[in-house]
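> In my numbering, the protein residues as written are 995 to 1460. Even for Gly, the Cβ is constructed at its ideal location relative to N, Cα and C. First, the structure itself, so that you have it in front of you.
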Amino acid sequence: MAKSDRPNILYIMSDDHAAHAISAYGSRINETPNIDRIANEGMRLDNCFCTNSICTPSRATILTGLYSHKNDVRTLSEKFDSSREHVAKMLQRAGYQTAIIGKWHLGHGEGHDPTGFDYWSVVPGQGLYHSPVFIEMGRRKTIPGYATDIITDLSLEWLKQRDPDRPFFLMVHHKAPHRPWQPDAKHAHLYEDVEIPEPPTFYDDYSNRAAAAAAAEMRIDRDMTFTDLKEDPPEGLTPLERKRWNYQRYIKDYLRCVASIDDNVGRILDYLDAEGLTENTVVIYTSDQGFFLGDHGWYDKRFFYEESLRMPFLIRYPKEIAPGTSSDAIIINPDFAPLFLDYAGLPAPDWMQGRSFRSILQGSAPDDWRESMYYRYYMHGGEHNVYAHYGVRTRRFKLIYYYKDDPGPREWELFDLEKDPYEMRNVVNEPEYAEVVEQLKAELHRLRVLYEDDEDPWEGEPAFTE
Ligand code: CA
């Protein structure tokens, strides 16, 4: 491929934006016309999954094409060793102009600041919504305004000053709509006079599940703080009324933050159009994982359950991707780096665990494309008291193993996603699923061997080593 033919890659990622708050994914609660443009003019992935649904690990996986146990970022408290090889370094060496603007969340200081980027301006840690501090190439500065607008402003400024004769790789990483969901003035009154529908599992009582679901501390009715809600509830509410009130406070602020992202995605798409860059630029919109939007009575993520597992993934590249298409192929976040390399005409190195899905985006999946995926969450207990677990998801089933017994028992969950798409009934002990359980345990073991994860095997798991 001639160097000049290589496409630009514009990767827009928000933080905690669930697919079911995007109208291209059939949202019941909001409209996202600008994000939808990417879907209407490109492809929507319906089975794109995060392999460890929490911010920092997902980001390390996206950069390296590796599962958490291979890039050593398993939890929020581990920093990324930025001397490691990763996709931005490879693209930079291949002649791409590279930049990351917004949320990094992989650690700061020597050994942890962004590497592989010609330009970087990132918020420390979680960052702030209003007048955020940025660390620009190592220098701290406060920028007045709203984070989502500023991240877009900085991205557009970088695009304007780039060398138009070389392709670019730009990661636009929004802080929003992460907790504590602080909207800007422009959207502060959106949804003021409407009631947002509650999700079908809002009144889940966590029966018929392993102990982990009831133990989790991310309940809308019980675990939200004043910082989350920003005002006191009216006096005299019953517990049920209070839960509903909390949900409306939470979801409206969340969706207001999303509305600002949507506006700013529109600004970037308009810029590409105005500059004649649309044809030769791969544009992606995704989020670092999904989120519970009142589903199961929860906010937050972490679980292998559908709402937090699923990443929105919309991609436009007019030269290769037909408009208005979708795919149900199982894609995982370790696949992103190999895809970027593929577009740049570079082979993915053998050590990467993901695989480019460029042909799937062109409409044909390879015969040997995966029919299952491996998931693992490590942060046992802690702030939201989610038990550590790993498991396997196929198109129809999901098997989960909660592997630590302090706190909480070691337990298995099996969900039949065809009969029970909301994962309300654990059928692991039902006789008619006994064979399925054995097949899925074998598949789980196969994946753990494939990805070389031999930490914390279950009792009875066959030995890994030959
Ligand atoms: Ca996140």
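Consult DSSP for S1008 and reduce its assignment to one of helix, strand or coil.
Counted from its first residue, the sequence shown places residue 1008 at position 14. Note: S1008 maps to strand in three-state DSSP.
> Taking the Cβ atom as the reference point for each residue, do P1456 and G1059 lie within a distance shorter than 7 Å?
Within the sequence shown, the letter at position 462 stands for residue 1456. Within the sequence shown, the letter at position 65 stands for residue 1059. No, the Cβ-Cβ distance between P1456 and G1059 is not below 7 Å.
> Measure the C-alpha to C-alpha separation of M995 and P1312 and round it to an integer number of angstroms.
As a working note, residue 995 is residue 1 in the sequence shown. As a working note, residue 1312 is residue 318 in the sequence shown. Summary for M995: the model assigns pLDDT 46, below 50, so the residue's position carries little reliability; its value from the coordinates is reported in the next sentence. So the two alpha carbons sit approximately 18 Å from each other.
> List the endpoints of the continuous beta strand (DSSP E) containing A1093.
In the sequence shown, the residue the question calls residue 1093 occupies position 99. 1091-1097 is the extent of the beta strand (DSSP E) around A1093.
> Kindly list the residues whose CB is nearer than 8 Å to the CB of M1131, restricted to its own chain and excluding five residues on each side of it in sequence; keep chain order.
Walking along the sequence shown from the start, residue 1131 turns up at place 137. Excluding positions up to five away in sequence, the list reads Y1113, W1114, S1115.
> Can you tell me the Cα-Cα spacing of L1004 and M1165, whole angstroms?
By 1-based counting over the sequence shown, the position of residue 1004 is 10. By 1-based counting over the sequence shown, the position of residue 1165 is 171. Their Cα atoms are separated by approximately 6 Å.
> Compute the minimum distance between the beta carbon of D1222 and the heavy atoms of ligand 1, and state whether it is under 6 Å.
Taking the sequence shown and counting its residues from 1, the one referred to as residue 1222 is at position 228. The answer is no for D1222.
> As a quick exercise: from Y1337, T1136, Y1265, S1281, pick the residue whose alpha carbon is nearest that of P1001.
The sequence position of residue 1001 within the sequence shown is 7, counting from 1. Out of Y1337, T1136, Y1265, S1281, Y1337 has the C-alpha closest to the C-alpha of P1001.
> Does the separation of the CB atoms of P1495 and D1247 fall below 7 Å?
The structure shown has nothing for residue 1495, since the chain only spans 995 to 1460.
> In chain order, what residues of the same chain lie with their CB nearer than 6 Å to the CB of M1373, ignoring the 5 residues before and after it?
On the sequence shown, residue 1373 is found 379 positions in, with the first residue counted as 1. Excluding sequence neighbours, M1373 sits near T1069.
> Which of the three DSSP states, helix, strand or coil, is assigned to W1114?
Here residue 1114 refers to the residue found at position 120 when the sequence shown is read from its first residue. Reduced to three states, the DSSP call for W1114 is strand.
> Under 8 Å by Cβ, that's how I've got S1062 and R1296 pegged, so tell me the actual separation to the nearest angstrom.
If you number the sequence shown from 1, residue 1062 lands on position 68. If you number the sequence shown from 1, residue 1296 lands on position 302. At roughly 13 Å, the Cβ-Cβ gap does not stay under 8 Å, so S1062 and R1296 are not in contact.
> Tell me, to the nearest whole angstrom, how far the beta carbon of F1334 is from that of I1394; I am working on the premise that it is less than 8 Å.
Against the sequence shown, residue 1334 aligns to sequence position 340. Against the sequence shown, residue 1394 aligns to sequence position 400. With a Cβ gap of about 31 Å, F1334 and I1394 do not count as contacting.
> Thinking just about the alpha-carbon of each residue, which of H1439, A1428, E1453, G1318 is nearest to the one in I1029?
Against the sequence shown, residue 1029 aligns to sequence position 35. Here the closest residue by C-alpha is G1318.
> Nearest-angstrom Cα distance between F1458 and L1438?
Counting from one through the sequence shown, the residue named residue 1458 turns up at place 464. Counting from one through the sequence shown, the residue named residue 1438 turns up at place 444. Straight-line Cα distance between these residues: approximately 12 Å.
> Since D1264 and P1027 are thought to touch, with beta carbons under 8 Å apart, how far apart are those beta carbons, to the nearest angstrom?
For the purposes of this step, residue 1264 is taken as residue 270 along the sequence shown, with counting starting at 1. For the purposes of this step, residue 1027 is taken as residue 33 along the sequence shown, with counting starting at 1. About 13 Å; that fails the 8 Å criterion.
> Considering only C-alpha positions, which residue in the set R1203, F1074, R1156, S1125 is nearest to R1404?
Locating residue 1404 in the sequence shown gives position 410, counting from the first residue. Per the Cα distances, R1203.
> State the DSSP-derived secondary structure class of D1247, mapped to helix, strand or coil.
The sequence position of residue 1247 within the sequence shown is 253, counting from 1. It is helical.
> Given a cut-off of 7 Å on the beta-carbon distance, is the pair C1044 and F1307 in contact?
Translated into the one-based positions of the sequence shown, residue 1044 becomes position 50. Translated into the one-based positions of the sequence shown, residue 1307 becomes position 313. Contact flag unset, no.
> Taking the alpha-carbon of H1168 as reference, which of V1117, V1380, P1191 has the nearest alpha-carbon?
Along the sequence shown, one-based indexing puts residue 1168 at 174. Nearest C-alpha to H1168: V1117.
> Give every residue of the same chain whose Cβ lies closer than 8 Å to the Cβ of L1303, excluding the five residues on either side of it in the sequence, and list them in chain order.
Taking the first residue of the sequence shown as position 1, residue 1303 is located at position 309. Cβ neighbours of L1303 beyond the five flanking positions: F1043, C1044, S1047, Q1283, G1284, F1297, Y1369, R1387.
> At what residues does the alpha helix (DSSP H) containing I1029 begin and finish?
Locating residue 1029 in the sequence shown gives position 35, where the first residue counts as 1. Taken as a continuous stretch (DSSP letters only), the alpha helix (DSSP H) holding I1029 covers 1027-1034.
> Going by CA-CA distance only, name the one from G1230, I1262, G1288 that's closest to N1240.
For this step, residue 1240 is matched to residue 246 along the sequence shown. Residue G1288 is the option with its Cα nearest to N1240.
> Measure the C-alpha to C-alpha separation of H1181 and D1267 and round it to an integer number of angstroms.
Walking along the sequence shown from the start, residue 1181 turns up at place 187. Walking along the sequence shown from the start, residue 1267 turns up at place 273. Each residue's Cα considered, the two are about 26 Å apart.
> Just list the residues that DSSP pairs G1385 with in beta bridges.
As a working note, residue 1385 is residue 391 in the sequence shown. DSSP lists Y1369, I1394 as partners of G1385.
> List in chain order the residues whose CB is within less than 5 Å of at least one heavy atom of ligand 1.
Here the list is D1009, D1010, C1049, D1282.
> Hey, which unbroken runs of the alpha helix (DSSP H) at 4 residues or more fall wholly within the region 1279-1325?
If we require 4 residues or more, the alpha helix (DSSP H) runs fully inside the region 1279-1325 come out as 1300-1303.
> Identify the continuous alpha helix (DSSP H) that holds I1145 and give its terminal residues.
What you label residue 1145 is simply residue 151 of the sequence shown in a count that begins at 1. Per DSSP, I1145 belongs to the alpha helix (DSSP H) from 1141-1155.
> Tell me E1405's beta-bridge partners as DSSP assigns them.
Taking the sequence shown and counting its residues from 1, one reaches residue 1405 at position 411. Y1396, per the DSSP bridge assignment.
> Kindly indicate which residue of K1073, H1080, I1325, V1081 has the alpha-carbon position closest to the one of H1102.
In the sequence shown, the residue the question calls residue 1102 occupies position 108. Among K1073, H1080, I1325, V1081, the Cα nearest to that of H1102 belongs to K1073.
> Tell me C1042's beta-bridge partners as DSSP assigns them.
Along the sequence shown, one-based indexing puts residue 1042 at 48. Partner(s): I1325.
> Going by DSSP in three states, I1023 sits in which element: helix, strand or coil?
What you label residue 1023 is simply residue 29 of the sequence shown in a count that begins at 1. Coil.
> What does DSSP give as the partner residue(s) for F1128 in the beta ladder?
Your numbering for residue 1128 matches position 134 in the sequence shown. Per DSSP, K1135.
> Can you tell me whether P1496 is buried or exposed, with buried defined as 16 or more other CB within 10 angstroms of its CB?
As displayed, the chain neither begins before 995 nor continues past 1460, which places residue 1496 out of reach and without an answer.
> Which residues in the same chain as H1124 place their Cβ atom closer than 6 Å to its Cβ, once the five residues preceding and following it in sequence are excluded?
Taking the sequence shown and counting its residues from 1, one reaches residue 1124 at position 130. Closer than 6 Å at Cβ, skipping near neighbours: no residue.
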